[in-house]
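Enquirer: One structure, pasted below without further comment.
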Amino acid sequence: MPARPRPALRLALTLALAATSPSFAKAEDGGAAEGSRPNIVLIMADDLGYGALGCYGQQKVRTPRLDRMAAEGARFTQAYAGSCVCAPSRAALMLGVQTGRTPGRSNADPGLRAEDGPRTLAATLRRAGYATGGFGKWGLGDVESPGAPWQQGFDLFFGFLDQTHAHFHYTDHLFRDDRRVDVPENRDGRRARYAPDLIVDEALAFIRANRDRPFFAYLAVTPPHAEIDAPEDSIALYRGAFPEVPFPGGHYAAQPTPRAAYAGMVSRLDRDAGRVLDLIAELGLDGRTIVVFTSDNGPITAGGADPAFFRNAGPLRGLKFSLYEGGVRVPLIVRWPGRVPAGRVVDDVWSHVDFLPTFAALAGAELPSGVELEGRSGLPAFLDAPRPPRAEPLYWETPVDQPRKGLSWAGRIGRHKGIVPAPDDPLEVYDLEADVAESRDLAPARPDLVQSFRDLFAREHREP
Numbered sequence: 290m291p292a293r294p295r296p297a298l299r300l301a302l303t304l305a306l307a308a309t310s311p312s313f314a315k316a317e318d319g320g321a322a323e324g325s326r327p328n329i330v331l332i333m334a335d336d337l338g339y340g341a342l343g344c345y346g347q348q349k350v351r352t353p354r355l356d357r358m359a360a361e362g363a364r365f366t367q368a369y370a371g372s373c374v375c376a377p378s379r380a381a382l383m384l385g386v387q388t389g390r391t392p393g394r395s396n397a398d399p400g401l402r403a404e405d406g407p408r409t410l411a412a413t414l415r416r417a418g419y420a421t422g423g424f425g426k427w428g429l430g431d432v433e434s435p436g437a438p439w440q441q442g443f444d445l446f447f448g449f450l451d452q453t454h455a456h457f458h459y460t461d462h463l464f465r466d467d468r469r470v471d472v473p474e475n476r477d478g479r480r481a482r483y484a485p486d487l488i489v490d491e492a493l494a495f496i497r498a499n500r501d502r503p504f505f506a507y508l509a510v511t512p513p514h515a516e517i518d519a520p521e522d523s524i525a526l527y528r529g530a531f532p533e534v535p536f537p538g539g540h541y542a543a544q545p546t547p548r549a550a551y552a553g554m555v556s557r558l559d560r561d562a563g564r565v566l567d568l569i570a571e572l573g574l575d576g577r578t579i580v581v582f583t584s585d586n587g588p589i590t591a592g593g594a595d596p597a598f599f600r601n602a603g604p605l606r607g608l609k610f611s612l613y614e615g616g617v618r619v620p621l622i623v624r625w626p627g628r629v630p631a632g633r634v635v636d637d638v639w640s641h642v643d644f645l646p647t648f649a650a651l652a653g654a655e656l657p658s659g660v661e662l663e664g665r666s667g668l669p670a671f672l673d674a675p676r677p678p679r680a681e682p683l684y685w686e687t688p689v690d691q692p693r694k695g696l697s698w699a700g701r702i703g704r705h706k707g708i709v710p711a712p713d714d715p716l717e718v719y720d721l722e723a724d725v726a727e728s729r730d731l732a733p734a735r736p737d738l739v740q741s742f743r744d745l746f747a748r749e750h751r752e753p
């Protein structure tokens, strides 16, 4: 493996280069003045559906800290992930482009490339002088890959590099940058140390260590992705609360009480978000730290998960791997005391591709050149400033295997959604303002919209 600078040296080199580089365009929307730039914390859950939190209508699982976060900030009702599956969703977020332009369109595709390194969200903030830490599930490049997080703008990484490795919450090892960190308590199949706990601990240590300078903490937690399991104190919160059908195991560990375990995972995730908020308050950073919570895609039926029982997609059609709303519409909560007005419900259409330009504007950072960003700054929506409705269309594509291999396509233009669920399927059109469940296909009556979506799909798709 080629040698690479350690984190402190990488950061020093980055700052020196940023001071002399003319190749980056200034972020729009009135970037923050020096001295007023907030810390940025982005918490992203894994496979957490639109309806999985109390503040989004969940009635079976308790999420008091995230509900309180929403009450103290803004809760978005029309936020979208970059994809309906993990890796391309994360790539879209990091690069600020939709999945017609990401390097990969599925979990099986290669991750980020060497040329993506200067363009990522993390690299953009690092050039602006932010300490950058990534924690949890990366999924965009392994140790020897150009897509590894230390090649993509992060000063420090701790967690799972690989998608499949992240399925196992009681793993016997994690990674700190390119170094394996053993978890000896979990060797030989023992299940003593819950990896998400270790990952949150590292994120909290990063925040504490960087309290005196601007920082970006990306906490991509793995719950409630399968395997469906949590420490006993979390499962005990729901043991006996639901009828259960044991999950026999296979790729994922057996689980005798999968509903209680799933609910315990979500409540522990809620607790962990609270731990982050509590530390920020303890350090006196509340007024200069924006905290954002979201998910990478919709819920899944795997490992004993039962999204129908919990109504994890809320009123939406579809789940993970589907481009119907249940696969791509996700929670989004934003808290910044004194700046984001409390108790707001925001109906603006928002996409994960908006994070890069939004956070760049917050940081006074320069946007990467050589790439056509497809997001827009969401600061006006965050701060409740005047803004026009979204003019930019949204677009998704994802590979499917049935009835034959090919692509599923979807887009949103204004209030309308167009989707081709599988190869050879006709294009369907829905009015999401009148029919959020996507139950009444308007395509036969609206050939004009059908053509608009065909044009969008043709324009947005590019070969990887």
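Numbering (our numbering), first residue to last: 290 to 753.
Where a beta carbon is used, it is the ideal one built from N, C-alpha and C, also for glycine.
The structure displayed is predicted, hence computed values, not measured ones.
Which residue spans inside the stretch 405-448 form an unbroken alpha helix (DSSP H) run of at least 4?
Expert: Qualifying alpha helix (DSSP H) stretches, in chain order: 410-416.
Enquirer: Of all Cβ atoms in chain C, is any one closer than 8 Å to the Cβ of Asp471?
Expert: Any reference to chain C falls outside this structure, which holds one protein chain only.
Enquirer: Please name the residue or residues paired with Phe505 in a DSSP beta bridge.
Expert: BP columns for Phe505 point to Ile329, Thr421.
Enquirer: Hey, out of Arg564, Glu752, Phe446, Asp559, whose CA is closest to Asp356's CA?
Expert: Minimum Cα distance to Asp356 is reached at Asp559.
Enquirer: Taking all protein chains shown into account, do 16 or more other C-beta atoms lie within 10 angstroms of the C-beta of His540, making it buried, or fewer, making it exposed?
Expert: Answer is exposed; the Cβ neighbour count stays below 16.
Enquirer: Taking Cβ to Cβ, would you say Ala494 is nearer than 8 Å to Phe443?
Expert: Contact flag unset, no.
Enquirer: For Leu612, tell me which candidate among Arg676, Leu566, Gly707 has the shortest Cα-Cα distance.
Expert: Checked all of Arg676, Leu566, Gly707; the closest Cα to Leu612 is Gly707.
Enquirer: Quick check: the stretch 358-367 against the stretch 680-691, are there 3 or more CB pairs under 8 Å?
Expert: Taking 8 Å as the limit for Cβ pairs, the verdict is that the stretch 680-691 does not touch the stretch 358-367.
Enquirer: For Thr388 and Gly371, I'd like the C-alpha separation in whole angstroms.
Expert: If you take the alpha carbons of Thr388 and Gly371, they lie about 7 Å apart.
Enquirer: Restricting to Cα atoms, I'd like to know which of Arg528, Ala363, Glu752, Leu508 is closest to Asp636.
Expert: Considering only alpha carbons, the answer is Ala363.
Enquirer: Between Arg497 and the ligand SAH, is there a pair consisting of the residue's CB and a ligand heavy atom that are separated by less than 7 Å?
Expert: As far as ligands go, the structure on display features none, and thus does not contain the ligand SAH.
Enquirer: Should the stretch 734-743 be regarded as contacting the stretch 612-624, the criterion being three or more beta carbon pairs within less than 8 Å?
Expert: Contact fails: fewer than three Cβ-Cβ distances are below 8 Å.
Enquirer: Report yes if the CB atom of Thr460 is closer than 8 Å to the CB atom of Ala498, and no otherwise.
Expert: In this structure, Ala498 does not lie closer than 8 Å to Thr460 by Cβ.
Enquirer: Measuring alpha carbon to alpha carbon, tell me which of Ala341, Glu521, Asp431 ends up nearest Ala594.
Expert: The option with the nearest alpha carbon to Ala594 is Ala341.
Enquirer: What are the partner residues of Ser584, as DSSP defines its beta bridges?
Expert: For Ser584, which the question treats as bridged, DSSP gives the partners Ala334.
Enquirer: Output the distance between the C-alpha atoms of Phe671 and Val565, rounded to the nearest integer angstrom.
Expert: When rounded, the distance between both Cα atoms is 20 Å.
Enquirer: Is the Cβ-Cβ distance between Asn328 and Thr578 less than 8 Å?
Expert: Cβ distance < 8 Å, so Asn328 and Thr578 count as in contact.
Enquirer: Would you call the stretch 510-522 and the stretch 645-664 touching, i.e. three or more CB-CB distances under 8 Å?
Expert: No: fewer than three Cβ pairs fall under 8 Å.
Enquirer: Do you know offhand how far Ala652's Cα is from Ala732's?
Expert: One C-alpha to the other measures close to 43 Å.
Enquirer: Where do the N-terminal and C-terminal ends of the beta strand (DSSP E) with Gly478 fall, by residue?
Expert: Element bounds for Gly478: n/a, residue is neither H nor E.
Enquirer: What whole-angstrom Cβ distance do Gly385 and Gly436 have, given they're in contact under 8 Å?
Expert: With 8 Å as the limit, Gly385 and Gly436 do not qualify as a contact, their Cβ atoms being about 16 Å apart.
Enquirer: So, with DSSP's three-state summary, where would you put Arg633?
Expert: It is a strand residue.
Enquirer: Using the Cα positions of Gly603 and Tyr527, report the straight-line distance between them to the nearest angstrom.
Expert: Each residue's Cα considered, the two are about 21 Å apart.
Enquirer: Using a Cβ-Cβ cut-off of 6 Å (strictly less than) and excluding sequence neighbours within five positions of Gly423, which residues of its own chain qualify?
Expert: Correct list, in chain order: Pro438, Phe443, Phe446, Tyr507.
Enquirer: Below 8 Å, how does it come out for the stretch 401-410 and the stretch 461-476: are there three or more Cβ pairs, yes or no?
Expert: At 8 Å Cβ cutoff, the stretches do not touch.
Enquirer: Do Asn396 and Cys373 have their C-beta atoms closer together than 8 Å?
Expert: Against a cut-off of 8 Å, the Cβ pair of Cys373 and Asn396 comes out as no contact.
Enquirer: Please list, in chain order, all residues of the same chain as Asp720 whose beta carbon is under 7 Å from its beta carbon, the five residues on each side excluded.
Expert: These residues qualify, in order along the chain: Arg704, His705, Leu731.
Enquirer: Using three-state DSSP, classify Phe457 as helix, strand or coil.
Expert: In the structure shown, Phe457 sits in coil (DSSP, three-state: anything other than H, G, I, E or B).
Enquirer: Quick check on the burial criterion: 16 or more other C-beta atoms within 10 angstroms. Buried or exposed for Arg465?
Expert: The residue in question, Arg465, is exposed, as its Cβ has fewer than 16 Cβ neighbours within 10 Å.
Enquirer: Decide if Gln441 is buried, meaning its Cβ has at least 16 other Cβ atoms within 10 Å, or exposed.
Expert: Label assigned to Gln441: buried.
Enquirer: Taking DSSP as the reference, what is the three-state secondary structure of Val350?
Expert: Note: Val350 maps to coil in three-state DSSP.
Enquirer: Taking all protein chains shown into account, do 16 or more other C-beta atoms lie within 10 angstroms of the C-beta of Leu745, making it buried, or fewer, making it exposed?
Expert: Burial call: buried.
Enquirer: Quick check on DSSP: helix, strand or coil for Arg624?
Expert: Note: Arg624 maps to strand in three-state DSSP.
Enquirer: Using DSSP with H/G/I as helix, E/B as strand and the rest coil, what is Gln740?
Expert: If DSSP states are grouped into helix, strand and coil, Gln740 belongs with the helices.
Enquirer: Tell me which residue opens and which closes the beta strand (DSSP E) that Ser264 is part of.
Expert: Residue 264 cannot be examined here, being either before or after the span of the chain that is shown, 290 to 753.
Enquirer: Tell whether a beta-carbon distance below 8 Å holds between Asp336 and Lys609.
Expert: For Asp336 and Lys609, yes; Cβs fall inside 8 Å.
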